[in-house]
Amino acid sequence: MKELLVSLLAFGCLVYIQLVVFQSYGLVKDPLVMWIVIMLMFSSLFIFLAFDALRAKEEYLRRLI
Numbered sequence: 119m120k121e122l123l124v125s126l127l128a129f130g131c132l133v134y135i136q137l138v139v140f141q142s143y144g145l146v147k148d149p150l151v152m153w154i155v156i157m158l159m160f161s162s163l164f165i166f167l168a169f170d171a172l173r174a175k176e177e178y179l180r181r182l183i
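Convert by adding 118 to the 1-based position in the sequence shown; the result is the number in our numbering.
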């Protein structure tokens, strides 16, 4: 559970950094760039969830042995 919270916190930081960078360049007004930002956010979320699932699987297999 603690690892999931750390993953979500890291995801939130990554989203915040992406939005700050894109807003600092003034690119958020363009709809295409906003879609790219949204896709980057979702892809980073799926990457964090995939790593968390792999870690949970490894931990489960370690308990079986």
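Just so it is clear, CB atoms sit at the ideal spot from N, CA and C, and this is done for glycine as well.
Because the structure is a prediction, the values reported are computed rather than measured.
CB contact check: residue i to chain C, cutoff 7 angstroms
i, result
"lysine 120", "Considering every chain present, this structure includes no chain C. It has just one protein chain."
Whole-Å CB distance - residue i paired with residue j, under 8 angstroms assumed
i, j, result
"leucine 102", "phenylalanine 140", "This structure cannot speak to residue 102, because the chain is shown only from 119 to 183."
Straight-line Cα distance separating residue j from residue i
i, j, result
"lysine 175", "phenylalanine 169", "10 angstroms"
"aspartate 148", "serine 161", "20 angstroms"
"glycine 144", "isoleucine 183", "54 angstroms"
"tyrosine 178", "serine 142", "43 angstroms"
"methionine 152", "serine 125", "24 angstroms"
"valine 127", "glutamine 136", "Note that residue 127 is leucine in the sequence shown, not valine. Going from the Cα of leucine 127 to the Cα of glutamine 136 covers about 14 angstroms."
"isoleucine 212", "alanine 171", "Lying before the first or after the last residue shown, residue 212 is absent from the chain, which here runs from 119 to 183."
For residue i, the nearest candidate out of the options (CA to CA)
i, options, result
"isoleucine 156", "Leu182, Leu172, Tyr134, Arg173", "Tyr134"
"leucine 123", "Leu150, Ser142, Leu137, Phe166", "Phe166"
"valine 138", "Ser125, Ala171, Met159, Arg173", "Met159"
"lysine 120", "Arg181, Arg180, Arg173", "Arg173"
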